[in-house]
Amino acid sequence: MTFKQQKMASYLILIIPGLLLFASVIVFPIFYSFSLSFTTWSGYGKSLFVGFENYRNILTDPVFLHALRNNMLIVAISVFGQIPLGFLLAYMLHRKMVKGGEFYQTMIFLPITISPVVVALLWNQIFSSSGMITALIRRFSGNSQYVMKIFEDKSLAIVPILFVLLWMHTGTYMIIYLANLQKITPSVLEAAQIDGATEAQMLGRIILPSMIGTIATTAIFAIAGSLKAFDLIFAMTGGGPAHFTEVIALYMYTNTFKYYKYGFGSAASILIVALSVGLILILQGTSKRIERKYE
Amino acid sequence: MRTNRLLLTVFVSLLLFPSLIFSAGTKETAQSSKKDEVIELSVYHFLDQTDKTTAPNFAFLVGEFEKKNPNIKLNFEYGYGESFHDKLQTLAVSGQLPDILLLYPGKRTSQVSDAGLVKDLRPWIKGHESEFADMAMQGQGKNGEIWELPEDISITSIMYTNNRLLKELGLTLPKGLDELIAQGPAIRAKGLIPLSIANKDAWPMQSCLAGMLVERTGGMQWFDKAIAGKGAGFADPQFVAAMDIIKQLSDKQMFSPGTNQLAYGQGLDDFVNEKAVYLIDGGWMVNNMIGELTDEQKTYMSLESFPDVPNQKGKSLSASATAGQGFGMNAKLNEAQSEAAWKWIWFYSGPEGSTIRQRFGRLPAYKLAEPADADPMIKKLIAFAGKVPMGYVMDAVLGAEPIGAFNINLQRMMFGTMTAKQVAQDLETMVNKIDRGNK
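Read top to bottom, the protein sequences are chains A and B. 418 is the number of the first residue of the first sequence in the numbering used here; add one for each residue after it. 247 is the number of the first residue of the second sequence in the numbering used here; add one for each residue after it.
What follows is the structure, encoded as structure tokens:
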């Protein structure tokens, strides 16, 4: 065996186990799901090939379109809410703009350490029509029939969930930004300060440009996480009432496991993947353009 | 090289030796003492393990069984709510169905039973048919198979009534729908809820109210025809009339405020805390009431039927009911395992288990004499079951997808985004396409 062949053999020995594992748990399920998405498989027996019918039915289903709209709102609150807020909080803590920074850091990060199911139960105790807010309003208004109508409004029912998501995940981004802010050499900031740079100038000219890569990465996490959002919403509202808080992952779950439409559910999951990839590609393009601007 | 080979041989031999000993030992034991052999069976059950009433009750039943059958070891796994069904489906699809599993007589678990994954219990039941309520012995499969031995008769639409509050408000049990609706303002004026029902999960309105109302407005003959799609359908005026009643009750603020946001269980909470005059729920709630209600409360709480509705074609005082769930067994079990599984199934749904469950507040499908020392609420449930005519529970006779959509449409109707006619038409379209197979 020549040296080149030995090298190739050792590469293969090292790569193949990992590759096989990756293929069996990631690649195979995706391709299998993709092939199922063109069938009417119900979990048992023969499946019927139906071409793009599942995709056509999903994309014309008002429930799916409303779920998509809700997912887009979650993406929006993640990218334009959690990330800026997380950055702002990290910046304030890093620049020691508040006293007792460690306490705030712990408090802001705390929600992410709690199970989403517990978070859902907790906020349900506050928001639901048998919850704390309703009970207080009923007591002080004397109206025993009072109900928070926001939860029964098709357009607004998702808002409390968006609020909880903002509360829950901002801490994660804050910690990531805080860690990356600490990587910026203090002497650079000190030099800028000596040169007479204002706080805003330091933020805009030094800190933000050096954080663009991190912000882009967290945005990818936010988008991917938002499109597959399930646990908190499932435990908090189950997509209800009347599908008002439905998201695509719940839509997929209901059709697959409650109605035994595995083909249909697979098509919905492929759409989630396609949407995630599409949005992430757009984001990567945008972040590259911004990076080039600062180069 | 030779030393390496020798070391390798010794290493492999050492590795294999314990397993050889182990397997040989197991076989010998199995052959020598077949009579004392302990049969282990896996059981998948629907149970909320955090429920302070049902969980200990079930544990007691299992304990009693184990005392009598030391040679049978049951390994339980539990699921609750939708996750029970999700897991059951996953186990079935992956070919890992447990030896004994809880099944439903209607459409709820028909994907498992219709696929031939469970045994037909008729050979074991033979000779015992008359010991059960007729409803429990109705065929569950296409050829009359019985996949599970029903534990209870499930009455799903009882109007639990707080007679103390009723008296305090100067009201009497309503005879008709109009009279019930007329009581609303007086009840609400006292800060109370007229009809306590928690519909966040969307099924209670269908299971505990809609099915019963459909029987009232259409009658059983019409209901049968509509299910089959022969000469009747769910878009008929009879069905629309039932939907209209729900809409009317919602518009007149008869239900719990924010009913579609209230988690199941809240309805019971409001009733036992005497914040509601009536509770619309199933007979299974008696199980919880035994522990939740005080002895004094039990004297003035009664089980009633929903009042008559205008243009009623069904029977007065009728309620919706179905044979309850019960245990079935995996089709793959061998003879000895099947016999052991049947011992548990018969213990649970037969005379012994039924006697225990009756004491806990259930209404067993196995015919039993009313126990003299039973809790007052159980006595009331038995009396109620004996006097009311029974209709269908919709989710027991219609498929999962039409019912899932119908449940949500009922919520939409209450929010005013769908009319009663649209709800009816939508159900008819789905039943026709999915259940009746008319694409």
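Don't be surprised by glycine CBs; every beta carbon is placed ideally from N, CA and C.
Give me, in chain order, the residues of the same chain whose beta-carbon lies closer than 7 Å to that of B/Y326; leave out the 5 immediate sequence neighbours on both sides.
F292, L293 and D294
Can you give me the start and stop residues for the beta strand (DSSP E) that B/I346 sits inside?
I346 to L349
Taking a contact to mean a Cβ-Cβ separation below 8 Å, would you say B/L656 touches B/A472 in this structure?
no
Give the secondary structure of A/M619 by DSSP, where H, G and I count as helix, E and B as strand, and everything else as coil.
helix
Mind checking if B/V339 is an interface residue toward chain A, Cβ cutoff 8 Å exclusive?
yes
Continuous beta strand (DSSP E) stretch holding B/S400: start and end:
I399 to I401
Helix or strand or just coil, what does DSSP make of A/H511?
helix
Which residue or residues does DSSP assign as beta-bridge partners of B/V289?
B/F322 and B/I346
Is there at least one Cβ from chain B nearer than 8 Å to A/F469's Cβ?
no
By Cβ distance below 7 Å, which residues in the same chain neighbour A/S464 in space, the five residues on each side in sequence not counted?
T456, T457, W458 and G680
Suppose the cutoff is 6 Å on Cβ atoms and the five residues either side in sequence are ignored; what does the same chain contact list for B/T355 look like?
L349
Comparing the C-beta of B/D332 with each C-beta of chain A, is any distance below 8 Å?
yes
In chain order, what residues of the same chain have a beta carbon less than 6 Å from the beta carbon of B/G572, not counting five sequence neighbours either side?
E394, L395, P396, E397 and S595
When burial is assigned at 16 or more other CB atoms within 10 Å of the CB, is B/N303 buried or exposed?
buried
Go through its chain and collect everything with a Cβ distance to B/A382's Cβ below 6 Å, but skip five positions before and after it.
P396, A569 and A611
When you compare the CB of A/E569 with every CB in chain B, is at least one pair closer than 8 Å?
yes
Using a C-beta cutoff of 8 Å, does B/F263 count as contacting chain A?
With a pLDDT of only 48 at B/F263, under 50, the local geometry of the prediction cannot be trusted, and no value is derived from it.
For B/T568, report the span of its beta strand (DSSP E) as first-last.
A565 to A569
With a threshold of 8 Å between beta-carbons, can A/H660 be considered close to chain B, or not?
yes
Could you give the uninterrupted runs of the alpha helix (DSSP H) lying entirely in the region 635 to 687 of chain A, keeping only those of 4 residues or more?
648 to 653 and 665 to 670
Could you name the residues of the same chain whose beta carbon sits closer than 6 Å to that of B/A441, not counting the 5 residues immediately before and after it, in chain order?
Residue identity check: residue 441 of chain B is Leu in the sequence provided, not Ala. Same-chain partners within the cutoff: M500, F501, Y524 and I526.
DSSP three-state call for B/D621: helix, strand or coil?
coil
Which same chain residues, not among the five before or five after B/G607, have their C-beta less than 6 Å away from its C-beta?
V532, N533, I536 and I624
Closer than 8 Å to chain B by CB, A/K384
Residue numbering for chain A in the displayed model covers 418 to 712; residue 384 of chain A lies beyond these limits and cannot be assessed.
Contacting residues, own chain, Cβ-Cβ under 6 Å from B/N317 (five flanking each side not counted):
V284
Using alpha carbons as the reference points, say which of B/I433, B/A666 and B/A305 lies closest to B/K413.
B/I433
Can B/A379 and B/I399 be called in contact, C-beta distance under 8 Å?
yes
For the region 550 to 578 of chain A, list every residue whose C-beta sits within 8 Å of some C-beta in chain B, in sequence order.
T551, S561, Q562, Y563, V564, M565, F568, E569 and K571
Limits of the unbroken alpha helix (DSSP H) element including B/D490
P483 to D497
Mind pulling the beta strand (DSSP E) runs of 3 or more residues that sit fully within the region 595 to 657 of chain B?
none
CB B/K648 to CB B/D681, shorter than 8 Å?
First, the residue type needs correcting, since residue 648 of chain B is Pro and not Lys in the sequence shown. Going by C-beta atoms, B/P648 is nearer than 8 Å to B/D681.
Proximal chain A residues relative to B/F661, where beta-carbon distance stays under 7 Å
E569 and A659
If you draw a straight line from the alpha carbon of B/L307 to that of B/N580, how long is it in whole angstroms?
25 Å
State yes or no: is the beta carbon of A/S545 nearer than 8 Å to at least one beta carbon in chain B?
yes
For B/K353, which of helix, strand or coil comes out of DSSP?
coil
Secondary structure of B/I267, DSSP reduced to three states:
Unreliable positioning characterises B/I267 in this predicted model, as indicated by a pLDDT of 44, which lies under 50. The coordinate reading is nonetheless provided below. Here B/I267 sits in helix by DSSP.
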